[in-house]
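Asker: Supplied in structure tokens, the structure appears directly below.
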Amino acid sequence: MLPVTNNNIIKIDLDKECLTKTEERYIKLLKEQIFWLNRNDEKLYDRSKKLYDKYMNGTLNKNIEKRCCNFKLLEEKCFEYNKTSL
């Protein structure tokens, strides 16, 4: 999970005509990922929200916490980035 705002999102046209085999494979991969994400969006949201909440309130298992990003720091840096890039 990484914090982003709408200003950080770049839309990609997945229906464009591919010029190379590499582009074609990449577009196919993106479409497969979107399909999976759309089928699992609720489960993914629930699990990520649970992880985030436990991390932020300090109740996350320490072994898992070691592998997590520092969400608070990432949110601060995202805010700083968006503030300076406007």
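If you count the sequence shown from 1, position 43 lands on 50 in my numbering, and the numbers rise without skipping.
By construction, the Cβ of each residue, glycine as well, lies at the ideal position given by its N, Cα and C atoms.
Keep in mind that this is a model prediction, so the values were computed, not measured.
DSSP on lysine 18, reduced to helix/strand/coil?
Answerer: In the sequence shown, counting from the first residue as 1, residue 18 sits at position 11. Coil at lysine 18, not helix or strand.
Asker: For leucine 81, would you say it is in contact with chain D, using Cβ-to-Cβ distances shorter than 8 Å as the test?
Answerer: Protein chain content of the structure displayed is limited to a single chain, and chain D is not contained in it.
Asker: Please identify the residue among Asn15, Tyr33, Thr12 whose C-alpha is closest to the C-alpha of aspartate 22.
Answerer: On the sequence shown, position 15 is the one that residue 22 refers to. Closest by alpha carbon: Tyr33.
Asker: Leaving out five residues on either side along the sequence, give the residues of the same chain with a beta carbon under 8 Å from the beta carbon of isoleucine 19.
Answerer: Along the sequence shown, read from residue 1 onward, the residue named residue 19 stands at position 12. Result list for isoleucine 19: Leu37, in chain order.
Asker: Helix, strand or coil, according to DSSP, for methionine 63 in the structure here?
Answerer: If you number the sequence shown from 1, residue 63 lands on position 56. If DSSP states are grouped into helix, strand and coil, methionine 63 belongs with the helices.
Asker: According to DSSP, is glutamate 83 helix, strand or coil?
Answerer: For the purposes of this step, residue 83 is taken as residue 76 along the sequence shown, with counting starting at 1. Helix.
Asker: Is it true that the CB of leucine 81 sits closer than 8 Å to the CB of proline 10?
Answerer: For this step, residue 10 is matched to residue 3 along the sequence shown. For this step, residue 81 is matched to residue 74 along the sequence shown. Yes, the Cβ-Cβ distance between proline 10 and leucine 81 is below 8 Å.
Asker: Leucine 37 lies in the alpha helix (DSSP H); which residues open and close that run?
Answerer: Locating residue 37 in the sequence shown gives position 30, counting from the first residue. Leucine 37 -> alpha helix (DSSP H) spans 28 to 46.
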